[in-house]
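In this note's numbering, the protein residues as written are 12 to 409.
Quick reminder that beta carbons are idealized off the backbone N, C-alpha and C, glycines included.
Quick caveat: nothing in here was measured; it's all calculated off a predicted structure.
For reference, the structure is listed below as structure tokens.
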Ligand SMILES: Cc1ncc(COP(=O)(O)O)c(C=O)c1O
């Protein structure tokens, strides 16, 4: 592979992370990977809790959570009281979806690029309520944001109640034009719910401008928090719609704030809040490690990798070469092949961890570039891919 252009920015030493050095880890997207110091911060909070559990959970937790929420809210340009910690995006979306009191015939409009577990959640809720989950086909390659907005919007009907969209899609790794779609939804009186599981730490977030009614993101993916840290943001105007997913002490909870939204969500019973409390350490990690320059290099290496893969397969890119469409995670088409076998072979024979995904009738490879990834990881990916396909009788041009 040719070298990255000069001035692309620094990478970070791999040993700042806990990752196995033998693996070319190109799947940050699935579960993230936590920097050592952030992980240690989470462990320190857990130790602190166990020194005096009553003092910690019943007296200190409320102010500690408020501080952590404050730091995160400043980072995503939101009001701290509109943002609650939850363990993951799945929980946040279940909380919102279960609160909606859907009626028979109500429609939830979405795309056919959504995360499988969330598709399943909506289908189960629709089966119970008689509502309809309607994925709009958004064909690849995508060309312009306007086309995507219009494609989704032409499917709105008088029955549409909710617009549900990923900010960054899971199978196809595309950045969707969510801000424009949320604006149109608001103007048309539809509720907007955005699944930003991959957004926090990968693309700049300004939740106030973005304007979704409900927005969730994981801190344990691209922000590098320990596993089990995410947030749900709800505009103050729609917070009253929410019902707790887990009914606990509510306004009498040990970390009560006097705000119903927070009091119903923050205390789902005894739990370990260490991952939430380590979110400020994750924010500090990026501030102290040249986050902007490091992530700019990741995006440059992602563009470079995508071009190299498309050149190797001689298949068309699935979106234009622009940060409007992808950041550190990108997907490329592969020739027709046995995807699960290819993924397993690349790991077994080359220790390259990368997902191979089926979307409609196409096979895609989705790679992630995090600060610990090097050009060498990408070279390994290219040879693992050629070798894996060769094992299936498919020869790529050199
Ligand atoms: C778009 C999207 N939404 C939701 C999720 C679920 O995240 P979690 O398992 O942390 O709840 C994922 C996980 O990869 C995802 O890609």
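Taking all protein chains shown into account, decide if residue i is buried (16 or more other Cβ within 10 angstroms of its Cβ) or exposed.
i           : result
residue 143 : buried
residue 119 : buried
residue 42  : exposed
residue 205 : buried
residue 215 : exposed
residue 258 : exposed
residue 122 : buried
residue 239 : buried
residue 201 : buried
residue 224 : buried
residue 389 : buried
residue 177 : buried
Tell me the DSSP secondary structure of residue i in three-state form.
i           : result
residue 34  : coil
residue 274 : helix
residue 41  : helix
residue 206 : strand
residue 247 : helix
residue 376 : strand
residue 191 : helix
residue 177 : strand
residue 288 : helix
residue 122 : strand
residue 337 : coil
residue 146 : strand
residue 211 : strand
residue 241 : strand
residue 153 : coil
residue 267 : coil
residue 364 : strand
Taking the alpha helix (DSSP H) that residue i falls in, what are its first and last residues?
i           : result
residue 257 : Where residue 257 is concerned, there is no enclosing alpha helix (DSSP H), given that its DSSP letter is neither H nor E.
residue 358 : 350-361
What is the residue span of the beta strand (DSSP E) that residue i lies within?
i           : result
residue 7   : This structure cannot settle anything about residue 7, because the visible part of the chain is limited to 12 through 409.
residue 405 : No beta strand (DSSP E) contains residue 405, which DSSP labels as neither H nor E.
residue 233 : Unbroken run through residue 233: none, as it is neither H nor E.
residue 94  : 94-97
Return the Cβ separation of residue i and residue j in integer angstroms, given the expectation that the two are a contact with Cβ distance under 8 Å.
i           : j           : result
residue 241 : residue 97  : 5 Å
residue 346 : residue 316 : Not really, about 18 Å apart at Cβ, beyond 8 Å.
residue 304 : residue 234 : Between residue 234 and residue 304 the Cβ distance is about 17 Å, and since that is not below 8 Å, they are no contact.
residue 382 : residue 22  : 6 Å
Next item on the list: Report yes or no: do three or more beta-carbon pairs, one from the stretch 140-156 and one from the stretch 78-98, lie closer than 8 Å?
Entry: no
Check: Would you call the stretch 327-337 and the stretch 352-369 in contact, with 3 or more CB pairs under 8 Å?
Finding: no
Margin query: I want to know whether the stretch 94-106 touches the stretch 298-314 - three or more CB-CB distances under 8 Å.
Written below: no
Notebook entry, point to check: Using 8 Å as the Cβ pair cut-off and three pairs as the minimum, do the stretch 371-381 and the stretch 340-354 touch?
Noted result: yes
Next item on the list: State whether the stretch 64-76 contacts the stretch 393-401, with contact taken as three or more CB pairs (one from each stretch) at a distance under 8 Å.
Entry: no
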